[in-house]
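K.L.:
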Amino acid sequence: MSRRALTLLLAGFLVLAFGVAGAFRPVPYVVLSPGPTENTLGELEKKPVISISGRQTYPTSGALSLVTVAYQGGPAAQIDLLTALRGWIDPDVAVVPQETIFAPNRKPEEVEEENTVEMTNSQDSATAAALNELKIPYSMVVTVLSTEKGKPADGKLLKGDEITSIDGKDAKDVDIVSSTVKAHKPGEEVVFGVLRGGQKIAVPLRPIAGPTGQPQVGVIMQTKYKFPFDVDINVGDVGGPSAGLMFSLGILDKLTPGELTGGKKIAGTGTIEPTGEVGPIGGIQQKMIGAKKAGATVFLTPADNCGEAVQAAPDGLRLVRADTLHAAVQALDALRTGTGNVPACPS
Numbered sequence: 001m002s003r004r005a006l007t008l009l010l011a012g013f014l015v016l017a018f019g020v021a022g023a024f025r026p027v028p029y030v031v032l033s034p035g036p037t038e039n040t041l042g043e044l045e046k047k048p049v050i051s052i053s054g055r056q057t058y059p060t061s062g063a064l065s066l067v068t069v070a071y072q073g074g075p076a077a078q079i080d081l082l083t084a085l086r087g088w089i090d091p092d093v094a095v096v097p098q099e100t101i102f103a104p105n106r107k108p109e110e111v112e113e114e115n116t117v118e119m120t121n122s123q124d125s126a127t128a129a130a131l132n133e134l135k136i137p138y139s140m141v142v143t144v145l146s147t148e149k150g151k152p153a154d155g156k157l158l159k160g161d162e163i164t165s166i167d168g169k170d171a172k173d174v175d176i177v178s179s180t181v182k183a184h185k186p187g188e189e190v191v192f193g194v195l196r197g198g199q200k201i202a203v204p205l206r207p208i209a210g211p212t213g214q215p216q217v218g219v220i221m222q223t224k225y226k227f228p229f230d231v232d233i234n235v236g237d238v239g240g241p242s243a244g245l246m247f248s249l250g251i252l253d254k255l256t257p258g259e260l261t262g263g264k265k266i267a268g269t270g271t272i273e274p275t276g277e278v279g280p281i282g283g284i285q286q287k288m289i290g291a292k293k294a295g296a297t298v299f300l301t302p303a304d305n306c307g308e309a310v311q312a313a314p315d316g317l318r319l320v321r322a323d324t325l326h327a328a329v330q331a332l333d334a335l336r337t338g339t340g341n342v343p344a345c346p347s
């Protein structure tokens, strides 16, 4: 073999070797694909997805399904270049930069914990929205989620404490508590009225100056709802807030006579506020594909996602715009009865 041929052979081998090695090199991307689809009117692992006790419920039919997005990759388990390339040519998945899912300097377990908290809050908001739609009264309380180490509240306010008052005023929400603390100067006493273990106690604290000079006591609070009956939602390890609309519709369907779906398979997505407003979500393309594969013929779509959804909707999946919970209920009524307006995503 000539020196030239040997050189070309060696060069080709090195190119191939580097190409193979590069294909398995980790890259900072995440692959998004259609995740599980769960019928909020059905069961998951032999348990109802939505269980209601202490209030009359009614039979349901069809499906009101939540849709999810599965992801592959992340800081702790980066995908390789070959996996990313396969994702780029697969029309059912999306490949996005890692930082769009995992913010810099955040651990994967922190993201998972945040998703779990968002799911819990979404369930509470969904229940509140459904009860507001049905004009069923409920109450709200402010509770202590945690305290910051070394701050005035550390060791004095405890996780689970219900904050009933602040300087003698009713603590109706987190904003009232925060604004009352900020109205004080650092070092001035502020008195928290707390319900702990069934007993009312007063907890005086002296705020300190925070990084911007504003007074703070170092308490992290959350608003919790007191509903007149129990609503339990079972979704396994699904996280995030995007199933709120479908939870609300499932609760409504179970609490009212008649069948909201008319026997149809309805899927959808959208965050929900207690007031009923529906908010946008991510991964709309993968969620629509998952809905179609699960047999859905109608997809409830947040208004802010309509533009993207129209561009990627699978054939045979009708997009129905959902601005609010009330509007979604009206649209489903119109679909079931054949009369009334069914708002569509504009093309």
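Here the sequence shown stands for residues 1 to 347, numbered as in the working numbering. Note that CB positions come from ideal geometry on N, CA and C, so glycine has one too.
For the alpha helix (DSSP H) that contains K182, what are its first and last residues?
P.N.:
174-182
K.L.:
Skipping 5 residues on each side, what residues in its chain have a beta carbon closer than 8 Å to that of Q98?
P.N.:
P28, Y29, V30, G73, G74, P75, Q78
K.L.:
Taking the CB atoms as reference points, tell me whether P274 and A171 lie closer together than 8 Å.
P.N.:
No, these two residues do not count as a Cβ contact at 8 Å.
K.L.:
What do you get for A94, buried or exposed, if any count of 16 or more other CB atoms within 10 angstroms of its CB means buried?
P.N.:
buried
K.L.:
Note the first and the last residue of the continuous beta strand (DSSP E) segment covering D315.
P.N.:
No beta strand (DSSP E) holds D315; DSSP gives it neither H nor E.
K.L.:
Could I get the ranges of all uninterrupted beta strand (DSSP E) runs contained in the stretch 134-210, with 3 residues as the minimum, in chain order?
P.N.:
139-147, 162-166, 190-196, 199-205
K.L.:
Leaving out five residues before and five after R336 in sequence, what residues of the same chain have Cβ atoms less than 6 Å from its Cβ?
P.N.:
So the list reads G262, once near-sequence residues are dropped.
K.L.:
Compute the beta-carbon to beta-carbon distance between G349 and E148, rounded to the nearest angstrom, for a pair I have assumed lies under 8 Å.
P.N.:
Absent from the model: residue 349. The displayed extent of the chain is 1 to 347, so no value can be given.
K.L.:
Compute the Euclidean distance between the alpha carbons of R206 and V190, then round it to the nearest angstrom.
P.N.:
6 Å
K.L.:
What residues are listed by DSSP as bridge partners for D124?
P.N.:
The partner list for D124 (beta bridge, DSSP) is empty, contrary to what the question assumes.
K.L.:
Which residues bound the beta strand (DSSP E) around Q286?
P.N.:
Per DSSP, Q286 belongs to no beta strand (DSSP E); it is in the alpha helix (DSSP H), 284-293.
K.L.:
Okay, do the stretch 36-55 and the stretch 244-257 touch, 3+ Cβ pairs below 8 Å being the bar?
P.N.:
Contact holds: three or more Cβ-Cβ distances are below 8 Å.
K.L.:
Applying the 10 Å Cβ sphere with the 16-neighbour rule, what's the burial state of A267?
P.N.:
buried
K.L.:
Between V238 and the rest of its own chain, which residues show a CB-CB distance below 6 Å, the 5 nearest in sequence each way excluded?
P.N.:
T68
K.L.:
Suppose the cutoff is 6 Å on Cβ atoms and the five residues either side in sequence are ignored; what does the same chain contact list for G87 look like?
P.N.:
V31, V93, V95
K.L.:
Give the range of the beta strand (DSSP E) segment to which L300 is assigned.
P.N.:
298-302
K.L.:
Hey, quick one: how far does the beta strand (DSSP E) through T37 stretch, first residue to last?
P.N.:
29-39
K.L.:
Does the Cβ of V347 have 16 or more other Cβ atoms within 10 Å, making it buried, or fewer, making it exposed?
P.N.:
Checking the displayed sequence, the identity of residue 347 turns out to be Ser instead of Val. Result: exposed.
K.L.:
For K254, which residues of its own chain have a beta-carbon under 8 Å away from its beta-carbon, when the five flanking residues on both sides are left out?
P.N.:
L41, I50, I52, T57, Y58, T60
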